[in-house]
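There are 2 protein chains.
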Amino acid sequence: MRGIRRNPGHSRMTDVAARAGVSLATVSRALRGSPEVSAETRSRVLEAATSLSYVVSPAASRLASGRTATVGVVVPFITRWFFAEVVAGLEKGLHQAGMDVLLYNLGDADGRSRFFDRMPLRRRVDAVVILSLALDGCELDLVTGLGVPVVCVGMQVPGCSSVGIDDIDAARRAVRHLIELGHERIGMLRGAVEPNLGFTVPLDRHEGYLAAMAEAGLDTAGLTASTPWGPDGGAHAMTELLALPQPPTAVFAESDEMAIGALRTLRRAGLRVPEQMSVIGFDDHDMADLLDLTTVWQGVHQQGATAAEMVLSGLAHPDAPPRRVLLPTRLIVRQTTAPPRISARPSLNVPA
Amino acid sequence: MRGIRRNPGHSRMTDVAARAGVSLATVSRALRGSPEVSAETRSRVLEAATSLSYVVSPAASRLASGRTATVGVVVPFITRWFFAEVVAGLEKGLHQAGMDVLLYNLGDADGRSRFFDRMPLRRRVDAVVILSLALDGCELDLVTGLGVPVVCVGMQVPGCSSVGIDDIDAARRAVRHLIELGHERIGMLRGAVEPNLGFTVPLDRHEGYLAAMAEAGLDTAGLTASTPWGPDGGAHAMTELLALPQPPTAVFAESDEMAIGALRTLRRAGLRVPEQMSVIGFDDHDMADLLDLTTVWQGVHQQGATAAEMVLSGLAHPDAPPRRVLLPTRLIVRQTTAPPRISARPSLNVPA
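These protein sequence lines map, in sequence, to chains A and B.
By the count of this note's numbering, the first sequence reaches residue 352 at its end, each step adding exactly one.
By the count of this note's numbering, the second sequence reaches residue 704 at its end, each step adding exactly one.
Structure follows, in structure tokens:
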């Protein structure tokens, strides 16, 4: 029943009854999952309802299917733009199909171990969506042990469908943009990988940076600054690179949030962007356009929507093989990148 | 059992058994809610466990209490910084008490009517937390009809505990800051109230603006620009005010997101902040510090934490009268506000 779309005013219970060749009362009983209705009749009614896009109430659907009509969604940090956007896209697709979302926000390594310790999703959900967590063997066993379809966003689990982007390729493209502008000393502002959270995205984006630099025969030694993820981290990482004997002329930030922090450092240091420093981010965060930040766009909402679709098809076709969907990314050139100007190399006077 | 804090390694089942004067097996049975244990013994065990901060598994707690150990949280927009932050604070407090969160993100007026139409929280939660929605009579009946404690953040419901800030007073303070700097023509960038979502915060912040201006005997006619909420809305509202025959010298934005949009308009128009235009926001969004934005801070995480505490005490003491907690706000002066400079009045050349 989950696949039935809400299509108000489109068809009615009487149409379902007529199509299935039963009484209205039988339709009602069948949709409620009443034992008075034979399995054969019930399946006939459900088929008629499906073909007519009949809108059943989720409560009826739940009773009829014996399921929870709820999807558990596990996110590392709901306060980060990326995760909130994915969840919004996911919820939209699931709500339209009459399914509810039970959201788990891990928050930190403690939250993560508490979650896997307790597995509060057990017997409460029909499917699980996991965002951006590389699972260890034990965690993997716990999740697959739930016995429901698992869909991954931004990471992969053997045997499960997943959606994401090619982070290595997208990061490589960002750095190539700087190389094509003529930059040779290009730094990377990197979020230190949170201990025990096992994100693979930071690793992939760094790999893309290294690959693009290697392809162009450019040196990367000492040009990566790792700080805690986020705007403040980006600000500190930028300060670190400015303090080098020979600072870079351009930087690639792992995420737009880190790029935005870097812009603050540059503003406070009195350095002009892009004249004295080019900055490129990653994600196309809401704020990127507002700050005229050059970045790599990814379809965040679309990843959520695709995951919702994978959940629904996983429930409809439990035996279908897992799918891996890679969504495209796109370079968005705004005002923070330009060719290097030899005369405008950053000064060595760095703010404290 | 919900009030028991996780305190790993602090006390053990044997201590509980000793204190309650029963066997280990009885403790286990009592915590599982087994009918083999008398009500008197069970309450003795629970008391001992509570006093020793014994960590029961949520599953055991659920069985023992006959409850879901789940709190339903209803938010209008999970993608907005404010709501995500409140949810993070709320979840932290509830998770520590062994409770899970079932999150409902309404998203828009359609999502709202679907939610109240279906009431998917029914029989699934022990309590409900509602964020920033003014409920109409019918919605109110549906929520109170759930028969569980209801806690409100950023709005009030008769008979329910609530936490929030005094938006009128805080907005008045923001505008007074501009007045004290010597500004007389002060505009407001206002998010148009979403139809049917019934937010009261925009109304209150506008009222605070009008009150501060009236107290100082300043004119407000034509100085409020209303646009859809968000950075783009703020950008458009700023453009509107710049197009006035006599533009303001300072603006108060309903939220930092709108102020950030206004900063983009000013940057693109070539106007310097604060020399040619002072801008003050509201919220102390993560980005405010990065953009050196003067604003009014509110304890967003703290509102979530307070709501969690209200949920727990509402469950522990169902007959206690509802509480109303107003958390303090604070003016944070950064780099976007300064006295007006007569010579530096904004030009009338406004970007398209």
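Where is the CB? At the ideal position from N, CA and C, for every residue including glycine.
Here the structure is a predicted model, which means the values were calculated and not measured.
Residues are counted here when their Cβ sits less than 8 Å from a Cβ of chain B; for the segment 89-115 of chain A these are E91, K92, H95, D100, V101, L102, L103, Y104, N105, G107, G111, R114, given in chain order. Short of 6 Å from the beta carbon of B/N457, and not among the five residues preceding or following it, lie these beta carbons of its own chain, in chain order: V427, I430.
Here DSSP, grouped into helix, strand and coil, assigns A/D219 to coil.
In the three-state DSSP reduction, B/T591 falls in the helix class (H, G or I).
The C-beta of A/C152 has 16 or more other C-beta atoms within 10 Å across all chains shown, which makes the residue buried. Listed by position along chain B, the residues whose Cβ is nearer than 9 Å to that of A/V87 are I430, T431, L455, N457. Contact between the segment 230-242 of chain A and the segment 289-306 of chain A is absent: fewer than three C-beta pairs spanning the two stretches fall below 8 Å.
Taking a contact as a CB-CB distance under 8 Å, the pair B/T647 and B/I684 counts as one, their CB atoms being some 5 Å apart. DSSP lists B/T647 as the beta-bridge partner residues of B/I684. B/A436 reaches chain A at I78, T79, A84, counting residues in chain order whose Cβ is nearer than 7 Å. Residues of the segment 228-262 of chain A that bring their beta carbon within less than 7 Å of a beta carbon in chain B comprise P231, I260, G261, in sequence order. If you draw a straight line from the Cα of B/A523 to the Cα of B/D584, it is about 21 Å long.
In the three-state reduction of the DSSP assignment, B/F604 falls in the strand class, which pools E and B. For B/R616, the nearest beta carbon of chain A is closer than 8 Å to its own beta carbon. Listed in chain order, the alpha helix (DSSP H) runs fully inside the segment 431-481 of chain B are 433-448, 461-470, counting runs of at least 4 residues. Within chain A, the residues placing a beta-carbon under 8 Å from that of B/L642 are P231, A235, I260, G261, L263, R264, ordered along the chain.
Contact between the segment 468-478 of chain B and the segment 670-689 of chain B is absent, with fewer than three C-beta pairs closer than 8 Å.
Between B/T552 and B/D478, the CB-CB gap reaches or exceeds 8 Å. Using beta-carbon distances, B/M629 does not count as an interface residue toward chain A, since no partner is under 8 Å. Look at the segment 477-508 of chain B: it has no residue with a C-beta under 7 Å from a C-beta of chain A. Within chain B, the residues placing a beta-carbon under 8 Å from that of A/M287 are P583, I612, M639, ordered along the chain. Of all alpha-carbon atoms in B/G666, B/S630, B/L664, the one lying nearest the alpha-carbon of B/A690 is that of B/S630.
Rounded to the nearest whole angstrom, the CA to CA distance from B/E536 to A/L218 is 56 Å. Excluding five sequence positions before and after A/L210, the CB atoms of its chain that fall closer than 8 Å to its own CB belong to T220, given in chain order. Looking at the DSSP output, A/P247 sits in no beta bridge, so it has no partner there. B/G459 has its alpha-carbon roughly 30 Å from the corresponding atom of A/P318. For B/C504, the enclosing beta strand (DSSP E) covers residues 502-505. A/G261 carries a helical assignment under DSSP once its states are collapsed to helix, strand and coil. Three or more Cβ pairs drawn from the segment 247-260 of chain A and the segment 275-290 of chain A lie within less than 8 Å of each other, which places the two stretches in contact. Under the DSSP assignment, B/S665 falls in the alpha helix (DSSP H) whose first and last residues are 652-668. In this structure B/V480 touches B/V500 by the C-beta definition: roughly 6 Å separates them, less than 8 Å. Sixteen is the threshold: since fewer than 16 other Cβ atoms of the shown chains lie within 10 Å of the Cβ of B/P673, the residue is exposed.
For A/W81, same chain residues with a beta-carbon under 6 Å away, outside a window of 5 residues either side, are H285 in chain order. A residue is called buried when at least 16 other Cβ atoms come within 10 angstroms of its Cβ; B/R676 does not meet this threshold and is exposed.
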